[in-house]
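Convert by adding 416 to the 1-based position in the sequence shown; the result is the number in this note's numbering. Backbone N, C-alpha and C define an ideal beta-carbon position, used for all residues, glycine too. In this text, all values refer to a predicted model and were calculated from it rather than measured experimentally.
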Amino acid sequence: MRYRHCDRRRQLAARTKLIALLERLLAASRIKEEEQPITGGIAFFSTQPAWSDYLFYSDTFVQPNGLPDAPRAVRKMPSAKPILR
């Protein structure tokens, strides 16, 4: 039981970090040097290769104000533990 609880805590922490990174990306200016570390972090926490499709190319995860809804998109994205080298 203890391991499952720890696993859930890690998943929640990863999900929270992923939401924060996505919101940071949405708020960032379109300067490549600013976006690269953010997108690298997103790729680390979400193994979904098409993560950007959820936010930028879909009307499914849009807030009433027209902005992408990062928390809803993250709940939909499948995620896995990163492979540590």
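If you compare the alpha carbons of Phe461, Arg425 and Gly482 with that of Leu438, the shortest gap goes to Phe461.
Pro484 is bridged by DSSP to Val478. The closest CA to that of Met493, considering only Gly456, Trp467 and Ala459, is found on Trp467.
The alpha-carbon of Asp469 is positioned some 22 Å away from that of Leu428. Annotation for Gln464: no alpha helix (DSSP H) segment contains it, and DSSP assigns it neither H nor E.
One Cα belongs to Tyr473, the other to Ala459, and the distance between them is close to 17 Å.
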